[in-house]
Amino acid sequence: MADHKLPRKEVAPRPGQTELRVGRLTKAHGLKGAIKLELYTDEPEKRFVPGAVFTLQVPTASKWHGKTLELRELRWYNGHPVGFFEGVDDRTEAETLVKAILWVSQDVKELPEEDDAWYDHQLVGLDAIRDGASVGRVVRVDHLPAQDLLAIATGNGEVLVPFVKAIVPEVDLAAGTVTLTPPAGLFEELPDDDPEPAGDEPAGDEPAGDED
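Note that full-length UniProt numbering has the sequence shown beginning at 1, numbered continuously upward.
Take a look at the structure:
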């Protein structure tokens, strides 16, 4: 099973290594520095073991930018995972990590083969196809907490497309294409509703009809 599907991000990996997104810190829990987790892995028992070290994706202004985070313990409360981390000993410190995304290094030789998981470098450069015609090219993958977005460069500028199955039903690496079925208005402006027909006469008094 995968850690992060559609897609995985690579963050300056060492040779033979890649970076996988495995979780996000969502909310401080209690007063002793615990933080609730949103898991992006099907193997928390493998990824979240005592001593596991995570690379942090945080804003550049964050005190944690450029730092790593070491897991002390993972517990479950009412079915929700909660992490305890080294150096995070109170609620105030825990709140500085809320919304941080956790990444781990992975040997590419140990990655499972999957039908619906790709790396960023595999997606960048693909031709974006809509209704059988090219509408642009993938230039970037944006990893946001809520979802991932494909940045498509078009003749009219950049369009951000949610990377979900309903809108991106097919990625064909062999053909160099990604098929899009976007909702109306994503790539073009919608026309105004009920435009006024041309040549209408201004409203006025109705002519009197023939009397019986």
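Every residue, glycine too, gets a C-beta built ideally from N, C-alpha and C.
None of these values were measured; they are calculated from a predicted model.
Residue i - containing alpha helix (DSSP H), residue span
i      : result
ASP120 : 120-123
THR181 : THR181 -> no alpha helix (DSSP H), and no H or E assigned at all.
ALA94  : 91-95
Residue interval of the beta strand (DSSP E) (run including residue i)
i      : result
LYS36  : 34-39
GLU86  : Run containing GLU86: none; DSSP gives neither H nor E here.
PRO44  : Note, PRO44: premise wrong, no beta strand (DSSP E); alpha helix (DSSP H) at 44-47.
LEU160 : 157-162
LEU150 : 148-154
GLY136 : 133-143
TRP76  : 68-77
Residue i burial status per 10 Å Cβ neighbour count (16 or more: buried)
i      : result
ALA174 : exposed
GLU19  : buried
GLY209 : Confidence is the limiting factor: at GLY209 the pLDDT is only 49, short of 50, which leaves the residue's position unreliable, though a coordinate-based value still follows. Exposed, because fewer than 16 other Cβ atoms sit within 10 Å of the Cβ of GLY209.
HIS65  : exposed
ALA61  : exposed
LEU25  : buried
LEU144 : exposed
For residue i, the nearest candidate out of the options (CA to CA)
i           : options                          : result
GLY157      : GLY176, PHE163 and ARG137        : ARG137
GLY125      : VAL178, THR92 and ALA166         : VAL178
HIS121      : VAL141, VAL58, PRO59 and SER134  : VAL141
ASP127      : VAL82, GLU38, VAL168 and GLY30   : VAL168
residue 228 : LEU39, PHE187, LEU180 and VAL164 : Because the chain in this structure spans residues 1 to 212, residue 228 falls outside the shown range and cannot be described.
ASP42       : LYS63, LEU56 and GLY23           : GLY23
VAL58       : LEU102, ASP90, PHE48 and GLY30   : LEU102
residue 246 : LEU56, LEU31 and GLN106          : In the structure as shown, the chain starts at 1 and stops at 212, and residue 246 therefore has no counterpart that could be examined.
VAL53       : VAL98, THR26, GLU86 and HIS29    : GLU86
PRO50       : VAL139, VAL82 and HIS29          : VAL82
THR96       : ARG21, ALA28 and GLY185          : ALA28
PHE48       : LYS63, ARG21 and VAL139          : ARG21
LYS63       : GLY155, VAL98, LYS165 and TRP76  : VAL98
GLY176      : ARG75, SER105 and SER134         : SER134
VAL104      : ILE152, LYS165 and PRO44         : PRO44
Residues near residue i in its chain [Cβ-Cβ closer than 6 Å; skip 5 each side]
i     : result
VAL88 : GLY33 and ALA94
PHE84 : ALA34, ARG72 and GLU73
Cβ-Cβ separation, residue j to residue i (assumed contact under 8 Å), whole Å
i     : j     : result
LYS46 : HIS80 : With 8 Å as the limit, LYS46 and HIS80 do not qualify as a contact, their Cβ atoms being about 19 Å apart.
LEU31 : ARG91 : 5 Å
Neighbourhood of residue i by C-beta distance below 8 Å, restricted to the same chain and skipping five residues each side
i      : result
ARG130 : THR179, LEU180, THR181, PRO182 and PHE187
LEU123 : PRO7, VAL138, VAL141, LEU150, VAL171 and VAL178
Sequence-distant residues of the same chain with beta carbon closer than 7 Å to residue i, five excluded per side
i     : result
THR68 : VAL53, PHE54, THR55 and LEU56
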